[in-house]
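Shown next, in structure tokens, is the structure this report addresses.
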Ligand SMILES: Nc1nc2c(ncn2[C@@H]2O[C@H](COP(=O)(O)OP(=O)(O)OP(=O)(O)O)[C@@H](O)[C@H]2O)c(=O)[nH]1
Ligand SMILES: [Mg+2]
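In my numbering, the protein residues as written are 12 to 180.
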């Protein structure tokens with residue numbers, strides 16, 4: 012059994028939503044939420060007791076330590092997560108820190124700008140080990156009852172139940 016502690020890392024808006032919508036799962040776990048600049052949601056996060064860290068590349072060595080293993084998750088279509096993840100994976104790899112990374116590829120109905128951010132990031136992600144890409148269109152096909160209300164909650168649940176739960180030690 013691994014002696015490393017697992018820390019769950021939500022990156023960008025999607026990463027934060029996953030932590031917030033599964034507080035039962037994350038409540039007794041170590042988690043880290045990294046997002047961009049303060050916005051209105053920041054106030055909401057504070058109200059519900061979610062600690063949001065404003066991502067700063069200078070702080071990578073404060074976020075990530077060798078005695079932990081990290082489960083990272085994010086959506087690929089936004090500016091914040093897609094740029095942070097490459098810096099984070101570079102840092103983890105060059106410091107020999109163990110991680111697994113789960114990235115959601117946007118729905119085909121999302122704006123082209125998002126799809127192209129995701130595609131560019133995917134090309135960069137190919138050079139890293141331990142990265143799993145979850146295609147939301149594919150997940151949607153498996154759930155016939157998926158409607159607008161559950162368009163993200165079902166992929167989030169699939170991640171937590173099918174991947175993160177199996178990974179925890
Ligand atoms: N699985 C899942 N994906 C989401 C969720 N919210 C957004 N996404 C996906 O994640 C992509 C990126 O969105 P955000 O995470 O909000 O973007 P960001 O990384 O915060 O970057 P910004 O553009 O700077 O806000 C979107 O294009 C969606 O495909 C969510 O709750 N769950
Ligand atoms: Mg955002």
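For each residue, glycine too, the CB sits at the ideal point set by N, CA and C.
Rounded Cβ spacing between residue i and residue j (contact assumed at less than 8 Å)
{"i": "residue 31", "j": "residue 61", "result": "6 Å"}
{"i": "residue 87", "j": "residue 115", "result": "6 Å"}
{"i": "residue 90", "j": "residue 128", "result": "7 Å"}
{"i": "residue 132", "j": "residue 99", "result": "At roughly 12 Å, the Cβ-Cβ gap does not stay under 8 Å, so residue 132 and residue 99 are not in contact."}
{"i": "residue 109", "j": "residue 15", "result": "6 Å"}
{"i": "residue 141", "j": "residue 92", "result": "No, residue 141 and residue 92 are not in contact; Cβ-Cβ is about 17 Å, not under 8 Å."}
{"i": "residue 11", "j": "residue 106", "result": "Nothing in the structure corresponds to residue 11, since the chain is present only between 12 and 180."}
{"i": "residue 28", "j": "residue 163", "result": "7 Å"}
Where residue i falls, given that 16 or more other Cβ within 10 Å makes a residue buried
{"i": "residue 33", "result": "buried"}
{"i": "residue 21", "result": "buried"}
{"i": "residue 23", "result": "buried"}
{"i": "residue 160", "result": "exposed"}
{"i": "residue 80", "result": "buried"}
{"i": "residue 72", "result": "exposed"}
{"i": "residue 153", "result": "exposed"}
{"i": "residue 63", "result": "buried"}
{"i": "residue 67", "result": "exposed"}
{"i": "residue 182", "result": "Residue 182 lies beyond the range of the chain shown here (12 to 180); nothing can be said about it."}
{"i": "residue 58", "result": "exposed"}
Residues bridged to residue i [DSSP beta-bridge criterion]
{"i": "residue 50", "result": "Its beta-bridge partners do not exist; DSSP assigns none."}
{"i": "residue 64", "result": "45"}
{"i": "residue 112", "result": "83 and 142"}
{"i": "residue 22", "result": "45"}
{"i": "residue 17", "result": "80"}
Range of the contiguous alpha helix (DSSP H) that encloses residue i
{"i": "residue 153", "result": "147 to 153"}
{"i": "residue 167", "result": "164 to 169"}
{"i": "residue 184", "result": "Residue 184 is absent from the model: the chain starts at 12 and stops at 180."}
{"i": "residue 130", "result": "123 to 136"}
{"i": "residue 35", "result": "34 to 37"}
{"i": "residue 73", "result": "71 to 74"}
Checklist entry - Just the residues with CB closer than 7 Å to a heavy atom of ligand 2, in chain order, which are they? => result Those residues that bring their Cβ nearer than 7 Å to a heavy atom of ligand 2 are 23, 24, 46, 47, 89 and 91.
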